[in-house]
Amino acid sequence: MFDLPPKLHNPQGEIRKAGFEIEYAGLRPKETASIIIKLFGGEMVELDEYETIVQNTKYGTFKIYLDSVYLRKDSEKYIFKEVDAFKEVIYTLSELVVPYEVVTPPIPFTELQVVEDLRLELKKAGAVGTSASVLYAFGMHINIETYSFEIQEIVDILRSFVLLQDYIIETIDVDLTRKLSWFIDPFDKEFIELILDKSYRPTKEEFIEDYITYNPTRNRALDLLPLLSYIEPSVKERLPDQKISPRPAFHYRLPNSKIDEDDWSVAFEFNQWSLVEKIAVDKSKLEDLIDEYWEFQETPFWFIKELWVERVKHWLEEELS
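In the numbering used here, the protein residues as written are 51 to 371.
Quick look at the structure:
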């Protein structure tokens, strides 16, 4: 069951939306497209054998393709530049380690159950997730529409996230393969301490400068570059190598994709984000958790993440019970 964040409306007063990018193996794009059409209607357009869209569905356009970082022609890491004659062979080999990805259009918060319905149908058809092979490092990214463009609100979301991140990693049991991969580059401790200083109330320009200085990359578990470039277009111009798509949304990259496991759900992962927002919008609780952080930093064991996680667990039990 989806536990929705406290703020349900975007800055225009409309129900907020979330888009999902779910990685998996075991089904090719045409098979996935057929499932989408069965659930949501629409028409399949096959761009090539390994990239397909389903347009004119109830929610908009779904996209399905082999992972874009390595296999799409506009990627600098595209592996077929000189080997088109062996394309099918290499694609077959790549499927052993590179996931397919289904990208949903933005779905209203009040209808998020349809994403879980899609997950269950993909599972039934044979899709598998990150635990199916030691070679896999499959994730699920969620693009969550913001409820505010006020910089202090965005800062508070980021504060809440960095305070809860280690707890969430343990709660969702992030796959070891993903922990060892490039996706989870941590926020620099100096940056964390900068934003957790209670006197930190930056202007838009100051926060963007601070964020880009410490995080000139998409490779963060919470990637703010799409949102910041939507607010301020010069962000994209300053980081031309990052292939930023401006959007009014937080890009949450932490969740696993355990699409084939009975005890996993899209809702379970989304609900961790809802917790981040719950703490962020309750300024009293956010300040209390910041105090907990600074107190923990004064202990001899400040560097042991497991102890911080236990402290957060205890705090959450007291504050949210």
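Virtual Cβ for every residue (Gly too), placed ideally from N, Cα, C.
In the DSSP assignment, Asp-235 falls outside any beta strand (DSSP E), carrying neither H nor E.
Ranked by Cα distance from Gly-176, the options Leu-339, Asp-310, Asp-238, Trp-352 are led by Asp-310. Within the same chain, Cβ atoms closer than 7 angstroms to the Cβ of Tyr-302 are found at His-191, Ile-192, Ile-194, Leu-272, Trp-323, the five residues on either side in sequence being excluded. The three-state secondary structure of Phe-318, taken from DSSP, is helix.
For Thr-102, there is no enclosing alpha helix (DSSP H); the enclosing beta strand (DSSP E) has its first and last residue at 101–105. CA-CA distance, Val-362 to Pro-55, rounds to 19 angstroms.
Around the beta-carbon of Phe-351, fewer than 16 other beta-carbon atoms lie within 10 Å, marking it exposed.
Excluding the 5 residues flanking it on each side, Tyr-280 has same chain C-beta neighbours closer than 6 angstroms at Pro-296, Arg-297, Pro-298, in chain order. DSSP, reduced to helix, strand and coil, places Ala-299 within a strand of the structure shown. Between the C-alpha atoms of Ala-317 and Leu-162 there is a straight-line separation of about 8 angstroms.
Distance from the CA atom of Val-285 to the CA atom of Lys-174, rounded to whole angstroms, is 42 angstroms.
In summary, Ser-249 is exposed, with fewer than 16 beta-carbon neighbours lying within 10 Å of its beta-carbon over all protein chains present.
Minimum Cα-Cα distance from Phe-70 among the listed residues Glu-327, Val-331, Ser-307 corresponds to Ser-307. A straight line joining the alpha-carbon of Val-148 with that of Asp-235 spans about 20 angstroms.
By the CB criterion at 9 angstroms, Ile-294 and Arg-268 fall inside the cutoff. Looking from the CA of Ser-198, the closest CA among Glu-73, Asp-53, Leu-357, Pro-61 belongs to Pro-61.
Secondary structure of Pro-158 (DSSP, three-state): strand. Contact between the stretch 81–88 and the stretch 98–105 is present: 3 or more CB-CB pairs across the two stretches fall below 8 angstroms. Cβ neighbours of Leu-278 within its own chain (closer than 6 angstroms, five residues either side excluded): Ile-258, Val-285. Here Pro-305 is buried, its C-beta having at least 16 other C-beta atoms within 10 Å. Counting the other Cβ atoms within 10 Å of the Cβ of Gly-91 gives fewer than 16, which makes it exposed. Only residues of its own chain outside the window of five on either side were considered, and among them Ala-271 have a CB closer than 7 angstroms to the CB of Gln-215, listed in chain order. With fewer than 16 other CB atoms across the displayed protein chains lying within 10 angstroms of its CB, Pro-283 is exposed. For Asp-98, the enclosing beta strand (DSSP E) has its first and last residue at 93–98. In its chain, beyond the 5 residues on either side, Ile-245, Leu-246, Ala-330, Leu-336, Ile-340 have a beta carbon closer than 8 angstroms to the beta carbon of Arg-209. With a 10 Å radius around the Cβ and a threshold of 16 neighbouring Cβ atoms, Thr-349 comes out exposed. Looking at Tyr-109, Glu-367, Glu-171, the one whose alpha-carbon comes closest to that of Ile-157 is Tyr-109.
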